[in-house]
Amino acid sequence: MEFTRVLPAPSQLLHFALSAFNSSFALLKSAAPGRYHMLPNSSFCIDNETGFIPRMPPARLPSMFQFWERSLSEAATALSLGEDSSDEAEAKRHSSERWRQRIREGPVICTSTIEFDVGRLQRAHFVLAWLVHYYVHSTPPTVDSTPMVVPKSLAVPLVAVSRCLGIAPVLTYADTVLWNVTTADPELPLAHDNMRFPHLFSGTDDEHAFYVASATAELRGAEILRIIEDCNTLPDVSNLATISKISRSLTRVTSIIEELSDIMQSVRAGCDPHVFHWAIRPWYRGSDASGPDSAGWIYEGVENNKDLDLSGPSAGQSTLMHALDVWLDIDHKLSQKRAPPPSDSNRQADRGFMQRMRRYMPGVHQDYLRHLAQSPRPLRELARQTPALREPYNSAVMALKKLRDGHLKIACLYIITMSRSSRCPATAMMQKAQETLKATRNGPVRGTGGTEVSTLLKAGRDATRRAVLE
Ligand code: HEM
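Going by UniProt numbering, 251 is the number at position 251 of the sequence shown; the sequence numbering is gapless.
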């Protein structure tokens, strides 16, 4: 029996939100024929202070979903990474197997009661996606290339809630960062020094530091979203005062992007590259992490498995970075003629990566990006036609290019260098894990979705540079 058939019609909530969105759109359009009005950020679940992070973290689910919540609470102590052959990890093999057996025998809980409640849908996605990655990666690797079967007790409801939210049915950046962060002191606002991440795969401070860097960037980026909104709602751009305001906004965005670069680099202080590569990153691997020819995962009880987006989380799914790209008109797809022409390596890179990563964002944030892209007043074109805006526009683009330069170095250090290192000085556990991993993984160093990391990141950096107006 295909369980998805008995579940409620998908995406009802999203359609509800979209129809409200479309009707306000229609009203605004009809109010001033021929003019396209930008909608406020609040229409897209964007908070003025916390940006894409919800003001309140999604709360625990009601008792009928206790099986999921309990399994998640037990996971951290019962499980260890399946490919880790250290004594510590081996000691948990029995409790790991018992935990997985309970998941295999667990009920397929119907999600119809929560399908109009965004907070509960987010929490359900969060819990189920963490459970899927716990299930898959606590399983010791096998020598044969049989696909990993994700039990229907997780797969069926995860696909159902994902359809309602318009997000991929797998662990995403929203699950590791946006919906995982909470205040350490609930009396104070969410801030860099007031953050807690209740769920960590490795339980390490390094993993915590990794999430803190991303969430801090999101918080800092909230101001960029307010600036974009302000610029897009300026009544007209034909007078000096408005041009001067846009110029000041671009200068402000440039300095925030520079701060984002520093925030990104701050990951080095708290997150050890060995721990990241051998103890944290393996938990994130998605169905296609070993490349297109790997056996991948099968979602039991779900139709059309091959159509599911199952690549796993990446900060490339941060809507903030995509919003900057859209606003500054960075051409990742190489669809426009710009100078200098793309290198051979740029052309070989996965040009669809950024577009694909959008499917791993909550649907309402994808809508925001689409709405932004339809702005009747594209910024790059305005800067091209307005000499006074060219320099501030170029400075913002160059700041983003520098951010991507710095990020490339981080990715090299944490992923490429680590995957080539022959000795892991961190702990015995990781050393053993490393040996097992090296034996099982060959070929290029791959990122989310099996893409080749350095070519991809360089292509993104070069596409950014190409937006500069000569
Ligand atoms: C240990 C630290 C980090 C490592 C190893 C790392 C690694 C990577 C890798 C391999 C990719 C390529 C796509 C993929 O495979 O998912 C990527 C993409 C990306 N990462 Fe990171 N990252 C790190 C930290 C961060 C932080 C802290 C941020 C944001 C504050 C960030 C933002 C991005 C963005 C926006 C992309 C999409 C590509 C782009 O826009 O250039 N990363 N990262």
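Backbone N, C-alpha and C define an ideal beta-carbon position, used for all residues, glycine too.
{"Query": "DSSP bridge partner residues for E452 (one or two, in chain order)", "Result": "R446"}
{"Query": "Residues of its chain near C231, where Cβ-Cβ distance is below 6 Å and the 5 sequence neighbours each way are ignored", "Result": "I246, S249"}
{"Query": "Cβ-heavy atom distance, I415 to the ligand HEM, below 6 Å", "Result": "yes"}
{"Query": "Own chain, CB closer than 6 Å to N180, minus 5 neighbours either side, in chain order", "Result": "F197, H199"}
{"Query": "Other residues of its chain near Y414: CB distance less than 7 Å, five sequence neighbours each side excluded", "Result": "P273, F276, H277"}
{"Query": "Residue closest to F126, alpha-carbon to alpha-carbon, out of T464, Y135, L178", "Result": "L178"}
{"Query": "Host alpha helix (DSSP H) of W99 (start-end)", "Result": "93-105"}
{"Query": "Option nearest L188 by Cα separation, candidates P169, M56, D309", "Result": "M56"}
{"Query": "Expected contact under 8 Å - CB spacing of R359 and A168 to nearest Å", "Result": "5 Å"}
{"Query": "Nearest to A283 (by Cα), restricted to the options N346, S80, E69", "Result": "Strictly speaking, residue 283 in this sequence is Trp, with Ala absent from that position. That would be S80, whose Cα lies nearest to the Cα of W283."}
{"Query": "Among V237, S255, N194, the one whose alpha carbon lies nearest that of T216", "Result": "N194"}
{"Query": "The ligand HEM heavy atom lying under 6 Å from the CB of A217", "Result": "yes"}
{"Query": "Reduced DSSP category for A124 - H, G, I as helix; E, B as strand; rest coil", "Result": "helix"}
{"Query": "R466 (DSSP reduced to helix, strand or coil)", "Result": "coil"}
{"Query": "Alpha helix (DSSP H) segments (min. 4 residues) lying fully within the stretch 114-179", "Result": "118-138, 152-165"}
{"Query": "Rounded straight-line distance, which links the Cα of T172 to that of P107", "Result": "24 Å"}
{"Query": "Separation of R102 from V150, as counted between CA atoms", "Result": "13 Å"}
{"Query": "Alpha carbon of Q385 to alpha carbon of E391, nearest angstrom", "Result": "12 Å"}
{"Query": "Heavy atom of the ligand HEM within 6 Å of G221 beta-carbon", "Result": "no"}
{"Query": "G352 Cβ short of 6 Å to the ligand ADP heavy atom set", "Result": "The ligand content of the structure shown is limited to the ligand HEM, which means the ligand ADP is not among them."}
{"Query": "Neighbour-count burial assignment, S345, 16 or more Cβ in a 10 Å radius", "Result": "exposed"}
{"Query": "Status (buried if at least 16 other CB within 10 Å, exposed otherwise) for V170", "Result": "buried"}
{"Query": "Cβ-heavy atom distance, R420 to the ligand HEM, below 6 Å", "Result": "no"}
{"Query": "Residue nearest to D331 in terms of C-alpha spacing, selected from T113, R461, L128", "Result": "R461"}
{"Query": "Unbroken beta strand (DSSP E) run spanning Y299, endpoints", "Result": "297-299"}
{"Query": "Rounded Cβ spacing between E229 and N41 (contact assumed at less than 8 Å)", "Result": "5 Å"}
{"Query": "Sequence-distant residues of the same chain with beta carbon closer than 6 Å to S375, five excluded per side", "Result": "N232"}
{"Query": "Closer than 6 Å: R404 CB and nearest the ligand HEM heavy atom", "Result": "yes"}
{"Query": "For R226, the nearest candidate out of V326, G316, V253 (CA to CA)", "Result": "V253"}
{"Query": "Local Cβ density within 10 Å of M64, reported as buried at 16 or more and exposed below that", "Result": "exposed"}
{"Query": "Same chain, Cβ closer than 6 Å to G221, neighbours up to 5 away in sequence not counted", "Result": "G51, L320"}
{"Query": "Selection from L61, P444, A411, R93 that minimises the alpha carbon distance to M264", "Result": "A411"}
{"Query": "Residues bridged to N194 (per DSSP)", "Result": "A191"}
{"Query": "Three-state secondary structure assigned by DSSP to G203", "Result": "coil"}
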